[in-house]
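Student: Shown below is the structure under consideration.
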């Protein structure tokens, strides 16, 4: 689980005008909802948000919101950015309950691309998915899912069902049925190599 903590304050001044004033004061308006509780409008420091903006765990892990001195576990559900300035406009946070499963999308990290025998033999690794939706308890949520391509053979395709998910983590797609077992990656023969093989065969 992530160790990211952000300080936040409850705000009562709502509306578009209030949000504009907050942004001019280098603050980020946000909302916290979920877990059967009422939604709460928050304010965060823009500088603190920018510091974690490039940290992958900010988008994929359970983070701690220190709301007026009270710690709340939440996941980031949406982020609105300025169309051309390096500014964060708004954040949506979803409360998490340690006893209830949550669904979220995690990035796929491909490993051993350089050592895979099929790639060394001239194959081309084609990544057909870069994220996967999972379901698990908050305490079991990993920051990413690894895809080891070291043993993948030429022409072979890795599907979601081939991924080694951590204990307690399930694929949302597979839960829908076998026909949702989408491809994640495949090693295809390079076009140039394929043409040479066809000419040799002729």
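In full-length UniProt numbering, the protein residues as written are 1 to 202.
We put the beta carbon where it would ideally sit given N, CA and C, even for glycine.
1. Give, in chain order, every unbroken run of the beta strand (DSSP E) that is at least 3 residues long and sits entirely within the region 113 to 199.
2. Can you give the Cα-Cα distance for residue 195 and residue 189, rounded to whole angstroms?
3. Tell me whether residue 82 sits in a helix, a strand or coil according to DSSP, three-state version.
4. Quick check on residue 155: buried or exposed, where buried means 16 or more other Cβ atoms within 10 Å of its Cβ?
5. Roughly how many whole angstroms lie between the Cα atoms of residue 83 and residue 8?
6. Between the region 88 to 106 and the region 173 to 182, can you find at least three pairs of beta-carbon atoms closer than 8 Å?
7. Any idea which residues DSSP pairs residue 50 with across the strands?
8. Is residue 147 buried or exposed, if buried means 16 or more other CB atoms sit within 10 Å of its CB?
9. Pull the bridge partners of residue 40 from the DSSP assignment, please.
10. Suppose you measure from the CA of residue 119 to the CA of residue 152; what does that come to, to the nearest Å?
11. Report the three-state DSSP secondary structure of residue 57 (helix, strand or coil).
12. With respect to the beta strand (DSSP E) encompassing residue 4, which residues constitute its N-terminal and C-terminal limits?
13. In terms of alpha-carbon separation, which member of 55, 88 and 30 lies closest to residue 65?
Tutor: So, from the data block:
1. 123 to 127, 131 to 136, 145 to 148, 157 to 159 and 183 to 189
2. The predicted model places residue 195 with a pLDDT of 42, which falls under 50 and marks its position as unreliable; any figure quoted below should be read in that light. About 10 Å.
3. In the structure shown, residue 82 adopts coil according to DSSP, grouped into three states.
4. exposed
5. 24 Å
6. no
7. Beta-bridge pairing links residue 50 to no other residue.
8. buried
9. 32
10. Roughly 9 Å between the two C-alpha positions.
11. In this structure, residue 57 counts as helix in the three-state DSSP scheme.
12. Neither: residue 4 is in no beta strand (DSSP E) and is coded neither H nor E.
13. 30
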